[in-house]
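S.K.:
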Amino acid sequence: MKVLVVGGGGREHALCWAIARSPRISKLWCAPGNAGIADSAECVAISDGDIDGLVTFAKDNAVDLVVVGPEAPLVAGLVDALDAEGIKSFGCSRAAAQLEGSKGFMKDMVAKFGVPTAAYGRFTNPADAKAFVEKHGAPIVVKTDGLAAGKGVTICMTNDEAFAAIDECMIGGKFGDAGAEIVIEEFLKGEEASFFAVCDGENVIPLVAAQDHKAVGEGDTGPNTGGMGAYSPAPVFTDAVEAKVMEQIIVPTVKGMANEGHPFKGVLFAGLMIDDEGNPKLIEYNIRFGDPECQVLMTRLKSDVLDILDGAATGTLDKVKPEWHDETAMVVVMAAKGYPGSYEKGTEIKNVAAADAMDKVKVLHAGTKMDGDKLVATGGRVLGVTARGTTVTETQQRAYEAVDAIDWDGGFCRRDIGWRAVAREQA
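With UniProt numbering, letter number 29 in the sequence shown gets 29, and the count goes up by one each step, no holes.
Set out below in structure tokens:
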């Protein structure tokens with residue numbers, strides 16, 4: 001197969017690295033890619049937002065399958081444009097992408113499908129939003145309706161914090177058009193997990209769960225980021241929890257979207273809250289692999305990933321049964337100092353090859369490029385140092401040994417990725 005992966009972050013490096021291992025692959029491209037992806041795929045200088053350019057490239061090169069990494073091209077209708085030209089793709093239609101593209105749409109749909117989720121309200125007027133907060137009280141969660149690169153969610157512990165978050169979105173314009181409408185939800189208590197299922201419009205197969213760390217600071221403190229690390233499996237996500245999630249959340253959504261005339265194809269990423277009794281509630285849906293969760297999923301995946309991706313594209317998922325390494329996988333994100341605020345670009349990173357050569361370690365690139373013979377940082381989240389091990393404690397130690405082998409004065413990372421699972425294991 002000739003495959004084009006769309007995107008240029010850590011998720012896409014993980015996908016390219018996994019696809020390149022497939023005996024079915026004959027040619028692999030990535031648009032636009034990055035310095036690390038160039039080791040697995042031929043990078044082509046087409047932005048992931050250039051719908052016409054991507055479709056033209058796929059036609060001109062007789063691409064067999066386009067794998068869409070990020071959410072923005074899905075929301076913009078890349079899959080619809082590929083479908084119109086008869087080009088197979090892994091990803092959902094523009095209509096189905098509203099599950100992530102509009103949090104209000106998602107909440108309305110899952111309420112209709114009977115999926116357990118937080119109580120909520122949708123608002124286009126700040127005064128109405130503040131009245132809702134006053135009625136329900138903090139703690140409460142304020143979310144932008146539209147895409148905000150993982151940063152549009154504010155957990156507010158007081159009413160005043162909620163009023164400030166509402167003003168930031170709707171008056172200050174912090175998130176642009178994404179914050180013109182907001183969703184306000186009840187605060188759910190429990191432990192978060194990320195669960196992934198792959199759909200072909202009708203069939204759905206479970207993958208595995210992971211836990212990520214969204215906050216920038218240790219102990220899960222500070223502002224939300226796109227993700228500072230993740231690990232899989234997630235101890236909170238037992239077989240019993242998975243059965244409830246599939247029965248109560250994933251399957252009703254897939255059936256419901258088909259009944260709405262928007263069959264879902266691709267990967268459905270459920271952000272979940274698991275309470276002390278093991279009952280799950282849906283926090284949100286994403287319509288693509290998580291970043292950094294994809295890095296640990298691809299590290300644990302034993303099967304040929306192309307069988308899964310192609311099965312979703314061709315409606316043959318009922319013939320696919322993924323197999324997984326029993327080991328734990330963990331990714332520690334190395335980010336540019338200052339992230340998620342302003343940060344310097346172009347700082348040099350050294351010794352990545354030494355870390356990459358360590359046993360059961362893979363350094364996945366998110367925001368990098370080559371500047372002559374130097375590897376330099378180009379983004380906020382820059383590297384995903386990924387490791388595998390028999391226990392969470394061992395895996396965490398191996399990941400941080402690899403982090404410490406990398407020489408990058410302009411970067412930082414959290415030193416406590418996987419802390420909940422380590423504490424459980426040591427107890």
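The beta carbon of each residue, even a glycine, is placed where N, CA and C say it ideally should be.
Bear in mind that the values here come from a model prediction, so they are computed numbers and not experimental data.
Can you name the start and end residues of the alpha helix (DSSP H) that Gly10 belongs to?
M.R.: Gly10 to Ala20
S.K.: To which residues of the same chain is Ala131 closer than 6 Å at the C-beta, ignoring the five residues directly before and after it?
M.R.: Annotation for Ala131: no residue places its beta carbon closer than 6 Å to its own, counting only its chain and skipping 5 residues before and after.
S.K.: Based on Cα-Cα distance, which residue from Lys107, Phe163 and Ile51 lies nearest to Pro126?
M.R.: The candidate whose alpha carbon is nearest that of Pro126 is Phe163.
S.K.: So is Thr158 buried or exposed if we call it buried at 16+ other beta carbons inside 10 Å?
M.R.: With fewer than 16 other beta carbons inside 10 angstroms of its own, Thr158 counts as exposed.
S.K.: Could you say if the region 333-346 and the region 405-413 meet the contact criterion of at least three C-beta pairs nearer than 8 Å?
M.R.: yes
S.K.: Beta-carbon within less than 7 Å of Thr391's beta-carbon, same chain only, minus the 5 sequence neighbours each way: which residues are those?
M.R.: Thr328 and Glu425
S.K.: Cα separation between Cys43 and Lys174?
M.R.: Rounded to the nearest angstrom, the two C-alpha atoms are 33 Å apart.
S.K.: Report the option in Glu277, Gly341, Tyr285 and Val216 whose CA atom is closest to the CA atom of Thr117.
M.R.: Tyr285
S.K.: Is the distance from the Cβ of Ser89 to the Cβ of Val75 below 8 Å?
M.R.: no
S.K.: In its own chain, which residues sit with a C-beta less than 8 Å from the C-beta of Ala313, not counting the 5 before and 5 after it?
M.R.: Leu65, Lys88, Ser89, Phe90, Asp200 and Lys265
S.K.: Return yes when the Cβ of Phe269 is within less than 8 Å of the Cβ of Phe237, no when it is not.
M.R.: no
S.K.: For Asp145, count neighbouring Cβ atoms within 10 angstroms of its own Cβ and tell me buried if that reaches 16, exposed if not.
M.R.: buried
S.K.: Which complete alpha helix (DSSP H) runs does the region 3-82 hold, if anything under 4 residues is left out?
M.R.: Annotation: the region 3-82 contains the following complete segments of the alpha helix (DSSP H) (minimum length 4 residues), in chain order: 10-20, 51-60 and 71-75.
S.K.: Rounded to a whole number of angstroms, what is the C-alpha to C-alpha distance between Tyr400 and Ile406?
M.R.: Distance between the alpha carbons of Tyr400 and Ile406: 10 Å.
S.K.: Using a 10 Å radius around the Cβ and a threshold of 16 neighbouring Cβ atoms, would you call Met170 buried or exposed?
M.R.: buried
S.K.: Tell me, to the nearest whole angstrom, how far the beta carbon of Leu306 is from that of Arg11; I am working on the premise that it is less than 8 Å.
M.R.: Leu306 to Arg11, Cβ: 17 Å. No contact.
S.K.: Taking C-beta to C-beta, are Leu147 and Gly101 nearer than 8 Å?
M.R.: yes
S.K.: For the alpha helix (DSSP H) holding Thr221, just list the boundary residues, first then last.
M.R.: That residue, Thr221, is in no alpha helix (DSSP H); its beta strand (DSSP E) goes Thr221 to Asn224.
S.K.: Roughly how many angstroms lie between the CA atoms of Lys360 and Gly346, to the nearest whole one?
M.R.: Within the model, the alpha-carbon separation for Lys360 versus Gly346 is close to 29 Å.
S.K.: My assumption, with CB atoms under 8 Å, is that Lys369 sits in contact with Glu348. Please give the rounded CB distance.
M.R.: So it is not a contact: roughly 11 Å between Cβ atoms.
S.K.: Answer yes or no: does any C-beta atom of chain B fall closer than 8 Å to that of Asn279?
M.R.: Going by chain labels, chain B is absent from the structure shown, which holds only one protein chain.
S.K.: With a 10 Å radius around its C-beta and 16 neighbouring C-beta atoms as the bar for buried, classify Ala84 as buried or exposed.
M.R.: exposed
S.K.: The alpha helix (DSSP H) with Met106 in it runs from where to where?
M.R.: Lys103 to Phe113
S.K.: Excluding the 5 residues preceding and the 5 following Leu282 in the sequence, name in chain order all residues of the same chain whose CB lies nearer than 7 Å to its CB.
M.R.: Val110, Val115, Pro116, Thr117, Ile249, Ala270 and Leu272
S.K.: Does the region 318-326 come close enough to the region 32-41 that 3 or more CB-CB pairs lie under 8 Å?
M.R.: Using a C-beta cut-off of 8 Å, the region 32-41 makes no contact with the region 318-326, since fewer than three inter-stretch Cβ pairs fall below that distance.
S.K.: How big is the Cα-Cα spacing for Ala209 and Lys350?
M.R.: Those two C-alpha atoms are separated by around 33 Å.
S.K.: With burial defined as no fewer than 16 other Cβ atoms inside 10 Å of the residue's Cβ, what is the status of Lys143: buried or exposed?
M.R.: buried
S.K.: Are the CB atoms of Asn203 and Lys244 within a distance shorter than 8 Å?
M.R.: no
S.K.: So, for Ala45: in the same chain, excluding its five sequence neighbours on each side, which residues have a beta-carbon less than 8 Å away from its beta-carbon?
M.R.: Ala31 and Pro32
S.K.: Please name the residue, chosen from Asp212, Gly8 and Glu218, that lies closest to Gly227 on a Cα-to-Cα basis.
M.R.: For Gly227, the closest alpha carbon among the candidates Asp212, Gly8 and Glu218 is that of Asp212.
S.K.: Report all residues from its chain with a CB closer than 7 Å to the CB of Pro252; omit the five preceding and five following residues, and keep chain order.
M.R.: Phe113, Gly114 and Val115
S.K.: Can you give me the C-alpha to C-alpha distance between Ile287 and Leu309, rounded to a whole angstrom?
M.R.: 14 Å
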